[in-house]
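Number of protein chains: 2
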Amino acid sequence: MRWIGQPVPRLDAPAKVTGRAIYAGDVTLPGMLHGRLLRSPVAHARIAGIDTSRAAALPGVKAVITGRDTPGIRYGNWRLMPQTQDELALQIDKVRFIGDEVAAVAAIDADTAAEALELIRVDYEPLPAVFDVESALAEGAPLIHDEGSLTSNVSLDRKIDYGDLEAAFARAAYVREDRFELPSVSHAYLEPCACVAEADLEGRLTLTTSTQTPYMVQCLLASALGMRENDVRVVKPTVGGGFGGKMELRSWEVCAAILARRTGRPVKFVLSREEELAFGRRRHAMTIRSRLAMDRGGTILGKDLEVWLDGGAYNSMGPTATFLCGNFGAMLYRHPAYRYRGYHVYTNKAPAGAMRGFGAPQALFVTESQMSMAAEELGLDPIELRLKNAMVAGDEIPGVAKISTSGLAECLRKVAEATSFERKRATTAAGRGIGIACSSFITGGVFNWFDTPHEFSAAEVRAHDDGTVHLLTMASDIGQGSDTVLRQILAEELGVSIDRIRLTAADTALCPKADLGTWGSRVTLMAGNAILAAARQVKDELAGVVSARFDLNVIHEIVFADDRVFARARPERGVSFGEAVAMAMRARRGGAVIGRGAYTPRGKGLVTPTFSFAAQVVELEVDRETGVVRVEKITTAHDSGTVINPLGVEGQLHGSIHMALGYALCEELVSREGRTLNPTLLDYKIAAAEDMPAGESHTVEIHDPEGPFGAKEAGEGLVSPTAPAVADAIHHATGFRSCSLPITPEKILFALEKKGEE
Amino acid sequence: MRWIGQPVPRLDAPAKVTGRAIYAGDVTLPGMLHGRLLRSPVAHARIAGIDTSRAAALPGVKAVITGRDTPGIRYGNWRLMPQTQDELALQIDKVRFIGDEVAAVAAIDADTAAEALELIRVDYEPLPAVFDVESALAEGAPLIHDEGSLTSNVSLDRKIDYGDLEAAFARAAYVREDRFELPSVSHAYLEPCACVAEADLEGRLTLTTSTQTPYMVQCLLASALGMRENDVRVVKPTVGGGFGGKMELRSWEVCAAILARRTGRPVKFVLSREEELAFGRRRHAMTIRSRLAMDRGGTILGKDLEVWLDGGAYNSMGPTATFLCGNFGAMLYRHPAYRYRGYHVYTNKAPAGAMRGFGAPQALFVTESQMSMAAEELGLDPIELRLKNAMVAGDEIPGVAKISTSGLAECLRKVAEATSFERKRATTAAGRGIGIACSSFITGGVFNWFDTPHEFSAAEVRAHDDGTVHLLTMASDIGQGSDTVLRQILAEELGVSIDRIRLTAADTALCPKADLGTWGSRVTLMAGNAILAAARQVKDELAGVVSARFDLNVIHEIVFADDRVFARARPERGVSFGEAVAMAMRARRGGAVIGRGAYTPRGKGLVTPTFSFAAQVVELEVDRETGVVRVEKITTAHDSGTVINPLGVEGQLHGSIHMALGYALCEELVSREGRTLNPTLLDYKIAAAEDMPAGESHTVEIHDPEGPFGAKEAGEGLVSPTAPAVADAIHHATGFRSCSLPITPEKILFALEKKGEE
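Residue numbers (the working numbering), protein chains in the order written: chain A, 1217 to 1974; chain B, 1217 to 1974.
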């Protein structure tokens, strides 16, 4: 193929490296004001009163708003269950975490806005607060959300009961139960959130915002302001990473809109890194209890999983994480019986939301840790044990979906062979370890929690007589490179060179409705399929006019390649792509040649159309004096279906490893009494470039019938195996098996000391 | 009707009066540079050399270009006849008028750019020059365009021979021949031309420019730069008037694009008023010889018309003016025999182009002056004479078109009655005069001189389930109010309120292809018809789902009104417009409800689908001491078909009178040896608000079958009757019949003196 599978450099890279790309924070408009948010300094309190008069009187301040100036309509991504919509842009009656938004200011510059915040007086009446799941669930705990019908701090639960779990455990030769603690970590995207709102004089709003999901922001902003959906236009500019942290309507977007309407001027908000780390979305901290039943040979008979998600003060994307954890808990391996209980629990902390992996890093840390522990106790090879249970095409995700293709076994064999795993695992050099873990992930979500009436993705392809093509889509490139991948897909299908494709994306007023955005590794498959459908309409039309022009017998195959349209058997009977379009326009008496396509997964279960798989081996060294872990090499084999852009997949792997190393070894948002103690990148440590280990990757290309050109996902699955593989390797190196993350030097030294004492 | 015929205030007015509207000159982008053009100080010369080195070395100058830095591809609007495409953005070998562009500079600010211009040294080798039509046509005149195959300075001619002219004159009882001189005048639009070009790193260009014809600019800029058409995006921002002066690709647009590519930064050009008046497009000065044959009763038997257009140094829109003058020469009245010779002549002056009326103000000044003169000589009432010859539906424009509807006779009767014309005309109070003239105009042009492969206008209507509608069109509102009119048309057709319609217009990358732009009074009819076609697709779909939902018998009429869709006979069987869309989306399984429509006049002759008509009476006073004319009242009756927006038509009438008063009495671009002597608004006098006379207008609404809701045009026709009516009234007041414009106090005094001497 000419474009699929080729290492096409990212088409947005030149603009980014030369500084010409425009992020939301770069947008400057005539008369623009700067906004800032006033946040609660207390974790849980009634708001007795707010006095904004001194702030409003400050020269340069153009508007000050509180919750009373908003319509007070609660919003949230889970529109399918309105009772989960628990957010307000500015709190009216009470605050629920340190950082909860209570007022917003628009001023002529950011300094004046900041000064104005200090002049706002809020009277808080403190309430008892809870900062962990256990306290939140305790008898007599304060009810964080007392505005609805909830009677406890469990905002939502999910139950799965599949197969005969009791029988499975009854006949099991081997049962183990473990408890795991997974921390809260930050996306730490390069670009803090920013937005610019403009209000026109007909009552319409335009919001340019750093988001993964412009369509969702459009819908929710309209409902939060009581507006018609299409009177709101949301534009995604260049975005510097999201990882799940930018897929919701957020307070500053609502405030910018209200302030723009009030002042008649554009209003910009740019968050600080401190706001992001202290108050921003994060990955759910989870407490997980897992009970596993196997037969003597290590075949899984059943699993009983309980998960408590520390949701923070609002639901955010917690319901999806609660839902997906249930699926991920039974992934990778066949589970004939499965019980899942997931509880999303409110606490008086910053809300957790979606983050790369969306429940999988936690659930698979548990699965893979237990697999390695079981292998050890049963005296089995950890890879053999996994191979024995590995999912293959046709296997069922308990009750909700079937695996269409799986390269898991091949991935396992590949990394085992590439790393001489068996030999190295048998070696026990002091402080050196090798560990393994696998992962799997969804390729887009099926369950329609957003309750959209639109197709999940849509595309329009306009073919022009100059041989160029214009692709319009709501798909949102947030840095993952999808704009390049989508153009590759279209170039391949139409047989035109990629430089002939203009892309207009992620503008809710202009691009075809709709696309649910960038999350759940959905873009390549869903937008790709929509694009293929649109391209095929164009091809049908052009094939028709070329056949007519050259009197081609009906059985001729018409080929689109090299910017030409021609009969495969008679290549001279053909014209350039542009000439074919010109002919079609003549046939339409001047009408444009346009294809429209859409994709919605139907008949693919309730989780995802298809799953990716991967296996990863980590080799590391533990300094037994300091407890410091140095990861030396990571070898990965992944089944992402057909790889559309090897450079892109390689980039996703590097990024995943980078992020997962932090999850495994050093990252954690630490808080005390609801106050984040490490809200800067000096204190919140992420891996640096020099921390990156040597890497080796192998592609197990399996054509997936549901994916465009057979593609599956590569953006999120690869973030899951590293932490359990690191934990496994540390155990191999030290004998210490950590059931919590991050595995800090302190934990290692403590364990080694304890072991030494034993 | 709910929206058609209603005085809807212009929807763009609030943004304009509050200063929030963004014109090209308001666009500011990060890193933007400012461009300036170096123009020739000589009227005709070879360019022996250009030294830009000192300019390039000036601090703050980022690029300097000359013709050698352009591809040197000639361009022009008449793509159908490539030999007429005679323009270059920057001249390479020779300059042809004072103001011809020879170099361009981009610098960090406009002052630095201006300073750099002074450092460019151009060596000119002067050539003999010609400054009027007579010299240009004289034996041995220098050939202004020697680069092609022309052997004289006539760049193009048009001949019409219709009926037996010789026989007509042979049997005529009354023949008269007159010679007229019409001046060159400026559009004097409020907003001088401006543009901003941006070049991206993939080789694409975006040009935001003050234009009437973004699609034409796109096509021509692409060809001038040797680019693919759709790698150029042209965006029309708010435009402050055009009147024909902004419908071509212009030098600064090409230079901005080249400079943006060279520097990697946005480049803005803003013309000064002096540049506009001295070098800008203008209405053609014409010399016209007209010979008219009538029978004893005043019935026209034939007409022999010769027109020499002073084209200036380039063709610009001269070919169209030459073409249309031939049609306008035989308008208003039946001409059984007609001969036309039109000559477009190059001279070493700034090129003339299109201007409101496009040949009609000149041709109808001749027609109407001769009608009044003939009436006087034949002893006939001037209105009766006109009524006798007035075109009615079915009459033929010699050889090219038929009149579909005509309210001319009714207009004549209406103004005669409203002004007591007969009585006042019979009165000869010293210095007081009443005069009459009529006009007619095209409603869009048919002849495809731009050679577009697209429909002449296209529209896309996206219906949303929130009850809003998004209209996308390339139609270009340049201040005439078409954005409001088009929304009225759509609101009426879909039965939704106008505030529910979002409009996206005039962006070549996003709006449906194509629309030829704003000229020839084409927008309401052509874009309006395209919109109706698109709206009807939406209606068909919604009527279907509503019928299905309510089990409506096939004969039911489904009505779209009051934001509802329902059965006329059973109004309760219906839903809101938004609900109907939601139902249609369900029926499409989430697909969007989109209508696409287009309009191209077919089977409507080669001129226009339909003609407007008007009659106007001017009452004035001439100060016989000073020669100053004070126009006291203007009474107009017009047949613009169905009036869609009475406020808009009234505004067009006011604007037309304002512009035509200047044409009649004071405006003229005066030049000597090719140098414009009055290049400021202090010297070039346009009517001021206090010069505006009292007005009265009458609408003769005749439903035209070709127009949307029966509409014809109102933007240009009304600019023609005022000058001949003023001339006629001056004649009535003083006995002086002027066959040239403007009728200055000097001319009047000179004539009165001469008359006194007789």
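Glycine included, each C-beta is placed from N, C-alpha and C at the ideal position.
Note that the structure is a prediction, hence the values are computed from the model and not measured.
Review point. A1606/A bridges to which residues according to DSSP?
Key: Y1549/A
Check your understanding: For the beta strand (DSSP E) that contains D1267/A, what are its first and last residues?
Key -> A1261 to D1267
Review point. With C-beta atoms as the reference, is G1569/A less than 8 angstroms away from R1497/A?
Key: yes
Exercise for review: Taking C-beta pairs closer than 7 angstroms, name the residues in chain A that K1729/B reaches, listed in chain order.
Suggested key: A1808
Point to revise | Cβ shell of G1419/B (< 7 angstroms), same chain only, five flanking positions each side left out | key: D1447
Exercise for review: Would you kindly work out how many angstroms separate the C-alpha atoms of M1799/B and T1851/B, rounded to a whole number?
Suggested key: 52 angstroms
Point to revise | chain B contacts made by the segment 1672-1698 of chain A, where a contact means CB separation under 9 angstroms | key: F1672, A1674, R1678, H1680, D1681, D1682, G1683, T1684, V1685, H1686 and L1688
**Study point:** Where E1445/B meets chain A, residues with beta-carbon distance less than 9 angstroms
**Key:** H1680, D1681, D1682 and T1684
Review point. Under three-state DSSP, which class holds F1672/A?
Key: coil
Check your understanding: Opposite G1442/B in the DSSP bridges: which residues?
Key -> Answer by DSSP bridge pairing: none, since G1442/B is not bridged.
Check your understanding: So which of L1768/A, E1773/A and A1320/A has the shortest CA-CA distance to L1333/A?
Key -> A1320/A
Exercise for review: Pick helix, strand or coil for M1510/B, following the three-state DSSP scheme.
Suggested key: strand
Point to revise | 3 or more residues per run - each beta strand (DSSP E) lying fully within the segment 1835-1872 of chain B | key: 1845-1855
**Study point:** Segments of 3+ residues assigned as beta strand (DSSP E) that fall wholly inside the segment 1249-1320 of chain A
**Key:** 1249-1255, 1261-1267 and 1277-1282
**Study point:** Test item: CB-CB of R1466/A and C1541/A under 8 angstroms
**Key:** no
Check your understanding: Can you tell which of M1571/B, F1952/B and P1358/B has its C-alpha closest to the C-alpha of N1564/B?
Key -> P1358/B
Review point. Does any CB atom of chain B fall closer than 8 angstroms to the CB of M1248/A?
Key: no
Check your understanding: What residues from chain B crowd round A1798/A, counting only those whose CB sits closer than 8 angstroms?
Key -> P1669
Exercise for review: Compare the C-alpha of K1849/A against each of K1971/A, G1933/A, V1942/A and Y1239/A and name the closest.
Suggested key: V1942/A
Check your understanding: According to DSSP, is Y1340/A helix, strand or coil?
Key -> strand
Point to revise | Listed by chain order, chain B residues near M1801/A by CB distance under 8 angstroms | key: P1669 and H1670
Exercise for review: Report, in whole angstroms, the separation of the C-beta atoms of G1573/B and V1935/B, which I expect to be a contact under 8 angstroms.
Suggested key: 5 angstroms
Exercise for review: Measure from the C-beta of D1715/A to each C-beta in chain C and report whether the shortest distance is under 8 angstroms.
Suggested key: Absent from the structure: chain C. Protein chains present are A and B.
Review point. Taking DSSP as the reference, what is the three-state secondary structure of H1686/A?
Key: strand
**Study point:** chain B within 8 angstroms of R1718/A, Cβ atoms only
**Key:** yes
Review point. For G1843/A, which of M1510/A, M1248/A, P1958/A and A1352/A has the nearest alpha-carbon?
Key: P1958/A
Exercise for review: Tell me whether R1497/A sits in a helix, a strand or coil according to DSSP, three-state version.
Suggested key: coil
Review point. What's the call for H1680/A, buried or exposed, on a 16-neighbour Cβ count within 10 Å?
Key: buried
Review point. How do the segment 1337-1348 of chain A and the segment 1284-1295 of chain A stand: do at least 3 beta-carbon pairs fall below 8 angstroms, yes or no?
Key: no
Practice item. State the DSSP-derived secondary structure class of R1718/A, mapped to helix, strand or coil. Key: strand
Check your understanding: Taking 8 angstroms as the CB-CB limit, is P1342/B close to chain A?
Key -> no
Review point. Going by the beta-carbon positions, is the gap between G1623/B and V1916/B smaller than 8 angstroms?
Key: yes
Point to revise | Where C1654/B falls: helix, strand or coil (DSSP) | key: strand
Exercise for review: Please check the pair V1433/B and T1424/B, which I expect to be a contact at CB under 8 angstroms, by giving their CB distance rounded to whole angstroms.
Suggested key: Their Cβ separation, rounded to whole angstroms, is 11 angstroms, which puts V1433/B and T1424/B out of contact at 8 angstroms.
Exercise for review: Could you name the residues of the segment 1225-1242 of chain B whose beta carbon sits closer than 8 angstroms to any beta carbon of chain A, in the order they occur along the chain?
Suggested key: L1227, P1230, A1231, T1234, R1236, I1238 and D1242
Practice item. Assess, as a yes-or-no matter, whether the segment 1227-1242 of chain B is touched by the segment 1867-1876 of chain A under the definition of 3 or more beta carbon pairs within less than 8 angstroms. Key: no
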